[in-house]
Amino acid sequence: MNYPNIVKGSFINRPNRFIAYVQILSGDGEEKTVICHVKNTGRCKELLLPGVTVLLQYHPEASVLGRKTEYSLIGVYKKGKKIHC
Numbered sequence: 023m024n025y026p027n028i029v030k031g032s033f034i035n036r037p038n039r040f041i042a043y044v045q046i047l048s049g050d051g052e053e054k055t056v057i058c059h060v061k062n063t064g065r066c067k068e069l070l071l072p073g074v075t076v077l078l079q080y081h082p083e084a085s086v087l088g089r090k091t092e093y094s095l096i097g098v099y100k101k102g103k104k105i106h107c
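Read in order, the letters of the sequence shown correspond to residues 23 to 107 in the numbering used here.
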């Protein structure tokens with residue numbers, strides 16, 4: 023699958039099935055924590071461990087569309103391989 027607006031980050035935690043907290047670099051080079059929507063709630067539990075590299079899709083139109091988050095968690099790296107969540 024091809025996703026536009028991909029951002030890499032470092033997974034922090036997942037307080038529930040639908041939300042994840044991820045550390046990313048902002049446009050000005052500052053680290054910031056963002057809240058992400060977890061698209062596939064039944065998968066990745068064993069993969070989403072603190073510190074792993076994850077892939078997020080940024081949704082610049084989030085507020086216009088009524089989304090609660092600007093990012094969706096779409097993948098995680100395990101042993102150098104990309105796994106879609």
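Ideal Cβ positions, reconstructed from N, Cα and C, are used throughout, including at glycine. Note that this is a predicted model, so its numbers are computed, not measured.
Integer Cβ distance of residue i from residue j, believed to fall under 8 Å
i	j	result
residue 25	residue 56	About 16 Å; that fails the 8 Å criterion.
residue 78	residue 31	6 Å
Identity of the residue in the options nearest residue i by Cα
i	options	result
residue 64	34, 104, 33 and 41	41
Beta-carbon proximity check, residue i vs residue j, cutoff 7 Å
i	j	result
residue 28	residue 45	no
residue 74	residue 98	yes
residue 58	residue 107	no
Coil, strand or helix - residue i by DSSP
i	result
residue 108	Any property of residue 108 remains undetermined from this structure, which presents the chain solely from 23 to 107.
residue 74	coil
Exposed unless 16 or more other CB atoms sit within 10 angstroms - verdict on residue i
i	result
residue 39	exposed
residue 76	buried
residue 89	exposed
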